[in-house]
Structures are given as C-alpha cells and as structure tokens.
Amino acid sequence: MESRRITYLITLAGSALWCLAIISAPLCASHGGALKTCGDVLYEFFRPVCHQMAGRSLMIAGEPLAVCSRCSAVYFSFLLGTLLFPLAQKAWRRLPEGRTLLLLALLPMLLDVFASVLGIHDATETTRLLTGAWLGVLLPFVVLPVAMDGFTALRVRFSRSHPHFQKGNRNA
Amino acid sequence: MPEKPNKLLPAIYGGAIMALIAAIPVLNFVNCLCCAGVMFGGFMAVFFYQKDLKSGMPLLSSSDGVVLGLLAGLFGAILGSILDTIILLTVGNVGGQMLYGILESSGVTEQMPPDALEQMREGIESSTFNPISVFLTFIIDPLFGLFGGLIGYSIYKPKPGAVTPPPLPPAPAAAV
Numbered sequence: 000m001e002s003r004r005i006t007y008l009i010t011l012a013g014s015a016l017w018c019l020a021i022i023s024a025p026l027c028a029s030h031g032g033a034l035k036t037c038g039d040v041l042y043e044f045f046r047p048v049c050h051q052m053a054g055r056s057l058m059i060a061g062e063p064l065a066v067c068s069r070c071s072a073v074y075f076s077f078l079l080g081t082l083l084f085p086l087a088q089k090a091w092r093r094l095p096e097g098r099t100l101l102l103l104a105l106l107p108m109l110l111d112v113f114a115s116v117l118g119i120h121d122a123t124e125t126t127r128l129l130t131g132a133w134l135g136v137l138l139p140f141v142v143l144p145v146a147m148d149g150f151t152a153l154r155v156r157f158s159r160s161h162p163h164f165q166k167g168n169r170n171a
Numbered sequence: 000m001p002e003k004p005n006k007l008l009p010a011i012y013g014g015a016i017m018a019l020i021a022a023i024p025v026l027n028f029v030n031c032l033c034c035a036g037v038m039f040g041g042f043m044a045v046f047f048y049q050k051d052l053k054s055g056m057p058l059l060s061s062s063d064g065v066v067l068g069l070l071a072g073l074f075g076a077i078l079g080s081i082l083d084t085i086i087l088l089t090v091g092n093v094g095g096q097m098l099y100g101i102l103e104s105s106g107v108t109e110q111m112p113p114d115a116l117e118q119m120r121e122g123i124e125s126s127t128f129n130p131i132s133v134f135l136t137f138i139i140d141p142l143f144g145l146f147g148g149l150i151g152y153s154i155y156k157p158k159p160g161a162v163t164p165p166p167l168p169p170a171p172a173a174a175v
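So the protein lines, in turn, are chains P and S.
For the first sequence, numbering that gives the first Met the number 0 assigns the number 171 to the last residue and increments by one with no breaks.
For the second sequence, numbering that gives the first Met the number 0 assigns the number 175 to the last residue and increments by one with no breaks.
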C-alpha cells in the first residue's frame, strides 16, 4: 500500500482510538468491578493531557468524559476533519496554507481564552465547544499533508539505505 | 553541497523546553490545553533547526519536521522525568501545594465535600515517584511532540519554487 495512504489510515485509526478511549472512561467508570478499574486507568492516561475538571467536562452516564469539553471538541472534530480530509482536499487546496490556516484555526480559541482571563467576557460551555471544534476540524488540513509527505520521504530514505530489508519483504 | 546540520542538538533544546514547561508550577497548566507545552517544544526544535540551516544547504523538508518532533518528544520525556523526580525528592509536590493554596484562597475548598477535600489533601501530601506516569509520558510526549514538529514545518517550510541556493564562494585570501 502507498505510504501516504498508510500514514493517513494510521492517523485516522489513532484518532478514532483516542476518541473511543475518551468516551470509554466514563462508561467503564459508571460500572463496578473490573470495568471500574479500566475506567480509572483511562482517566489516569488522560491526566497529563487535561485538567479533567468535572465542572468543565461533558457527562456520559453521570461521569465526566476523560478530558474537558474544550479538549473533547478538539479531539472529536480532529477525527471529523481527518475523515473529511480525502473528500475536502481539493476544495481546501484553494485556502491559505501553513501558518495562515493555523492562525485562522487558533484565533477564535485564543480570543476566547484571553478575553476570559482578562475578564472581558466569560467563556461558556458553548464558546469552549465551538472554538475547540473549529481548531480541531482545521488542524488535519495543516498537519496531515506534512505528515504524509514526511513519512513517505522517511520510508524512501530507509528503503534506499536498507535495500536488503525491502528485498526480503518482497520475497516474503 | 554542505550537508544538513545535526538534528540532535535542536531536538534536545526542544525537549528541554518541554521538560521546563512541565516542571514549572503554574506554567505547566499550559499542558492542560491538549499538551500545548509539549507541542511548543516540538515546534521549537524545528525553529532551532531551521536557524542552523545555512546558505547552500538542502532546504527544510517535511521529514525533518517529523524526525525533530519525535526526537524532541523523546528527549522531553527523558528530561521531564528526571526533572520531575528531582523536584519531587527535594521540595515535594510544589505544583499541587500551589494549586491547593489557590483553591483555598478563592474559597473553592469550602464548597467541596469534606471527603473529596481530604482525598485531595492526601493526594498532594503522599505524592511520590510514579512509574506509570513516567511510562505515559514516554507515549504522550513523542506523540504531541510530533504534532509540534509538523506544525513547525508547516510554518517554516520553504516557499513554493524555492531552490537550494548555491554555496557561497570561499572568501578571498586576505592580503598580507
């Protein structure tokens, strides 16, 4: 399989697994026994990634998701953006690349956070979700093309420097 | 044509930035936003690397962004774990104590159920070296470092049509 496609599929599978783990934590924690332990492990896994404050998290089965609502919006919409990437790639090519697209993606969230810190406006659940989702859905269009090119180039370089490895694979 | 500079040093600098952000109390709250501090370390590794690229060298490539981000994440995990352990053994859980102080002064602790408050206080006091959290760091830091490296490349990538400039001619020998 072409290495650009492999990189895309790995990213898609990885982000789907990540989102599944975020939802699974409260679902497992709401049960008893081994499932509860499994939920605790998932919460522990996401602890370095997010503050996990229950008051700022979406709830499932009476338990908070493994990350806060802003982070949840970023991760779930990143998955959506990754799913849309092959379909919307041609249309998105007309949009600015790299730093401009990143700035467009980050700006609403930065405004929401800094305006809230400065006391200009109160960040609400809606603004957290919307600005997080905006960043998450645009981010694959910034990082995926670079990741696909980068891993393809690394694979080509590796097969050139290790021709025996490639030969062995073909024989296998 | 001169070869590209070594990636090790920029990756170590990026990793050191990640480790410092994670270790400094209050500043480490940045990581609560999708590991923004870790991504910043990966981004900075690309920044330092592109600074090292001199005229005549091959241009910055997407594979450089991938390698630098991953390496910075790996060094960030190593340096961060060392720094965390040193801080925990010498001064204890400073970050936890500061957070508890902030919550106490803002009156949040008064509204908390006594059980939850006691659990939180015990957690801060009994904080010790946690091998599981070190293991998790070695997964999360390279992953988010990679994202930082990819973002770094998308910002510093050469403009379309840019070609590797020819190396500068050697300086003429000074007249004696």
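All C-beta atoms in this analysis are idealised placements derived from N, C-alpha and C, irrespective of residue type, glycine included.
Exercise. Decide if S/Met38 is buried, meaning its Cβ has at least 16 other Cβ atoms within 10 Å, or exposed.
Key: The residue is buried, with at least 16 neighbouring Cβ atoms inside 10 Å.
Exercise. Look up P/Met52 in the DSSP assignment and say whether it is helix, strand or coil.
Key: Coil.
Self-check item: S/Lys50 versus S/Leu149 - alpha carbon distance
Solution: Straight-line Cα distance between these residues: approximately 17 Å.
Quiz prompt | Any C-beta of chain S under 7 Å from that of P/His30 | solution = Closer than 7 Å: no.
Self-check item: Nearest-angstrom Cβ-Cβ length linking S/Ile77 and S/Gly40, presumed shorter than 8 Å
Solution: Taking 8 Å as the upper bound for CB-CB distance, S/Ile77 and S/Gly40 are not in contact here, some 12 Å apart.
Quiz item: Among S/Asp63, S/Phe146, S/Leu142 and S/Gly36, which has the Cα closest to the Cα of S/Lys3?
Solution: Selected option, being the one with the closest Cα: S/Asp63.
Quiz item: Which residues does DSSP pair with P/Glu62 in a beta bridge?
Solution: Partner residues in the beta bridge of P/Glu62, as assigned by DSSP, are P/Ile59.
Quiz prompt | Cβ shell of S/Pro157 (< 7 Å), same chain only, five flanking positions each side left out | solution = Counting only Cβ-Cβ distances below 7 Å, and skipping sequence neighbours, we find Leu58 and Leu59.
Quiz item: Does DSSP put P/Asp39 in a helix, in a strand, or in coil?
Solution: Reduced to three states, the DSSP call for P/Asp39 is helix.
Quiz item: Interface residues of chain S around P/Cys49 at Cβ under 7 Å?
Solution: Identification of chain S residues near P/Cys49 by a Cβ-Cβ cut-off of 7 Å yields Cys31, ordered along the chain.
Self-check item: P/Phe44: contacting residues in chain S (beta-carbon distance under 7 Å)
Solution: Near P/Phe44 (Cβ distances below 7 Å), the residues of chain S are Leu135.
Quiz item: Name the chain S residues whose beta carbon is nearer than 8 Å to that of P/Leu153?
Solution: The answer, in chain order, is Ser62, Val65 and Val66.
Self-check item: 7 Å Cβ cut-off: residues of chain P touching S/Ile150
Solution: In chain order: Leu101, Val141 and Val142.
Self-check item: Cα-Cα separation, P/Leu143 to S/Leu135
Solution: Looking at the two C-alpha atoms, the distance is approximately 24 Å.
Quiz prompt | Any chain P beta carbon closer than 7 Å to S/Ile81 | solution = S/Ile81 does not count as touching chain P.
Quiz item: Is it the case that the Cβ atoms of P/Leu64 and P/Ile21 are separated by a distance below 7 Å?
Solution: Pairing P/Leu64 with P/Ile21 gives a Cβ-Cβ distance under 7 Å.
Exercise. Kindly list, in the order they appear in chain S, the residues whose Cβ is closer than 7 Å to that of P/Ala33.
Key: Within chain S, no residue comes near P/Ala33; the closest Cβ sits about 18 Å away, beyond 7 Å.
Quiz prompt | N- and C-terminal bounds of the alpha helix (DSSP H) containing P/Asp111 | solution = Boundaries of the alpha helix (DSSP H) harbouring P/Asp111: Gly97 to Val116, taken from the DSSP string.
Quiz item: Where does S/Val25 land, buried or exposed, given buried means 16+ other C-beta within 10 angstroms?
Solution: By the 16-neighbour rule on beta-carbons within 10 angstroms, S/Val25 is exposed.
Practice problem: State the DSSP-derived secondary structure class of P/Ser158, mapped to helix, strand or coil. | Solution: If DSSP states are grouped into helix, strand and coil, P/Ser158 belongs with the helices.
Quiz item: Any C-beta of chain S sitting closer than 7 Å to the C-beta of P/Arg98?
Solution: The beta-carbon of P/Arg98 is placed less than 7 Å from the nearest beta-carbon of chain S.
Quiz prompt | the stretch 58-69 of chain P: positions lying closer than 9 Å to chain S by Cβ | solution = Listed in sequence order: Val66, Cys67 and Arg69.
Exercise. Put P/Leu138 into one of helix, strand or coil per three-state DSSP.
Key: Under the three-state reduction of DSSP, P/Leu138 is assigned to helix.
Practice problem: Figure out for me which residue from S/Ile85, S/Leu116 and S/Pro159 has the closest Cα to the Cα of P/Glu182. | Solution: Because chain P in this structure spans residues 0 to 171, residue 182 of chain P falls outside the shown range and cannot be described.
Practice problem: Determine the contact status of P/Thr126 and P/Asp148, defining contact as a CB-CB distance below 7 Å. | Solution: Inclusion of P/Thr126 and P/Asp148 in the CB contact set at 7 Å is not warranted, their separation being larger than that value.
Quiz item: With distances taken from CA atoms, which of P/Leu129, P/Arg159, P/Arg156 and P/Ile5 is nearest P/Ser76?
Solution: For the options P/Leu129, P/Arg159, P/Arg156 and P/Ile5, the alpha carbon positioned closest to that of P/Ser76 is the one of P/Leu129.
Quiz item: With 16 as the cutoff for other CB atoms within 10 Å, does P/Ala15 come out buried or exposed?
Solution: So P/Ala15 ends up on the exposed side.
Practice problem: Enumerate in chain order the residues of its own chain whose CB-to-CB distance from P/Pro139 is below 7 Å, with the five nearest sequence positions on each side excluded. | Solution: For P/Pro139, same chain residues with a beta-carbon under 7 Å away, outside a window of 5 residues either side, are Phe77, Gly80, Thr81 and Phe84 in chain order.
Quiz prompt | Cβ pair S/Ala35, S/Gly13 closer than 7 Å | solution = Taking 7 Å as the cut-off, the beta carbon of S/Ala35 is found no closer than this to the beta carbon of S/Gly13.
Exercise. Determine which residues of the stretch 108-137 of chain P have a Cβ less than 7 Å from any Cβ of chain S, and write them out in chain order.
Key: From the stretch 108-137 of chain P, no residue has a Cβ closer than 7 Å to chain S.
Practice problem: Report the rounded CA-to-CA distance for P/Ile5 versus P/Cys27, giving the unit in angstroms. | Solution: Looking at the two C-alpha atoms, the distance is approximately 31 Å.
Quiz item: Smallest Cα separation from P/His50: which of P/Ser68, P/Ala60 and P/Leu153?
Solution: Its Cα nearest to that of P/His50, the residue P/Ser68 stands out among P/Ser68, P/Ala60 and P/Leu153.
Quiz item: Would you say P/Asp148 faces chain S, with C-beta separation under 7 Å as the test?
Solution: Under the Cβ criterion of 7 Å, P/Asp148 is counted among the residues facing chain S.
Self-check item: Environment of S/Asn5 [buried if 16+ CB atoms lie within 10 Å]
Solution: Under the 10 Å beta carbon count, S/Asn5 is surrounded by fewer than 16 other beta carbons and is classified as exposed.
Practice problem: Buried or exposed for P/Gln88, please, with buried defined as at least 16 other CB atoms from any protein chain shown within 10 angstroms of its CB. | Solution: In summary, P/Gln88 is exposed, with fewer than 16 beta-carbon neighbours lying within 10 Å of its beta-carbon over all protein chains present.
Quiz item: Do we get a CB-CB distance below 7 Å when we pair S/Ser153 with the residues of chain P?
Solution: Judged by the 7 Å Cβ criterion, S/Ser153 is in contact with chain P.
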